[in-house]
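Asker: Following the working numbering, the numbering of the sequence shown begins with 204 at its first residue and continues without gaps.
Backbone N, C-alpha and C define an ideal beta-carbon position, used for all residues, glycine too.
Treat the numbers as computed from the prediction; the structure is a model and nothing was measured.
Before I ask anything, here is the structure I am working with.
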Amino acid sequence: MSEPTVEPTAKADRVEPLIDHLRRLAKSEDRAALSELRASLGQDQPIRALRHVLPRLRAGATRREEDDALLLAGLFALHPESGSASLATALKIVKQRRDSESIEDRFRALLSADRDDLAAHLRHAVTLAATESISLDWPDLLAALRGWDHESNWKRREWARDFWGTAPEAAKADETTPEST
Numbered sequence: 204m205s206e207p208t209v210e211p212t213a214k215a216d217r218v219e220p221l222i223d224h225l226r227r228l229a230k231s232e233d234r235a236a237l238s239e240l241r242a243s244l245g246q247d248q249p250i251r252a253l254r255h256v257l258p259r260l261r262a263g264a265t266r267r268e269e270d271d272a273l274l275l276a277g278l279f280a281l282h283p284e285s286g287s288a289s290l291a292t293a294l295k296i297v298k299q300r301r302d303s304e305s306i307e308d309r310f311r312a313l314l315s316a317d318r319d320d321l322a323a324h325l326r327h328a329v330t331l332a333a334t335e336s337i338s339l340d341w342p343d344l345l346a347a348l349r350g351w352d353h354e355s356n357w358k359r360r361e362w363a364r365d366f367w368g369t370a371p372e373a374a375k376a377d378e379t380t381p382e383s384t
């Protein structure tokens with residue numbers, strides 16, 4: 204039996220202390236801590252990173268919540284830049300800058316990934332964002348992790364809109380352009 208997934212209306216505020224801690228580590232340039240967190244992305248390496256994660260989770264956090272927090276912390280350590288871009292928006296920007304269809308292939312693979320394969324896809328995506336210096340919305344990524352298996356696929360749909368949706372400027376132009384009949 205799998206653990207329950209987060210509801211679409213749930214917020215990532217329970218782990219906000221973790222994100223705040225990660226931002227402090229980045230600001231203070233704590234290379235040893237960030238190195239431990241990056242190493243946690245390896246299959247057998249999460250133990251040393253637990254000291255940064257567990258104190259910032261709610262009491263009684265599930266194994267799944269711990270795993271999500273460890274993954275988020277490791278990804279943050281790969282690219283410790285906080286901003287407002289969802290990972291999907293960041294990949295859209297990378298695709299535009301590089302004029303590369305392979306980015307869209309990677310994004311489709313990410314959206315289709317099951318939980319067992321998610322970490323590898325996220326590592327690739329965060330690395331792409333880092334190479335283009337695109338700051339990420341870490342609370343949004345945490346919400347994605349928490350809701351990844353939700354039956355409505357609400358976060359995957361939101362990311363799909365971020366990646367394939369019409370740019371706000373184009374949508375406004377479409378609204379003001381009279382249709383020919």
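Does Lys-230 pass the burial test, meaning 16 or more other C-beta atoms within 10 Å, or should it be called exposed?
Answerer: Here the question's residue 230 lines up with position 27 in the sequence shown. Burial call: exposed.
Asker: Buried or exposed: Asp-271, going by 16 or more other Cβ atoms within 10 Å of its Cβ?
Answerer: Here residue 271 is taken as the residue at index 68 of the sequence shown, counted from 1. It is buried - the Cβ of Asp-271 has at least 16 other Cβ atoms within 10 Å.
Asker: Write down every uninterrupted run of the beta strand (DSSP E) in the segment 284–330 whose length is 3 residues or greater and which is fully enclosed by it, in chain order.
Answerer: Counting only runs of 3 or more, we get 285–288.
Asker: CA-CA distance, Glu-304 and Leu-314?
Answerer: By 1-based counting over the sequence shown, the position of residue 304 is 101. By 1-based counting over the sequence shown, the position of residue 314 is 111. Each residue's alpha carbon lies about 16 angstroms from the other.
Asker: Per DSSP, which residues does Leu-339 bridge with? Please list them.
Answerer: Here the question's residue 339 lines up with position 136 in the sequence shown. The partner list for Leu-339 (beta bridge, DSSP) reads Ala-288.
Asker: Rounded to the nearest angstrom, what separates Ser-243 and Ala-276 at their Cα positions?
Answerer: Translated into the one-based positions of the sequence shown, residue 243 becomes position 40. Translated into the one-based positions of the sequence shown, residue 276 becomes position 73. Roughly 8 angstroms separates the two Cα atoms.
Asker: Helix, strand or coil for Gly-277, going by three-state DSSP, please let me know.
Answerer: Walking along the sequence shown from the start, residue 277 turns up at place 74. Looking at Gly-277 - three-state DSSP - the assignment turns out to be helix.
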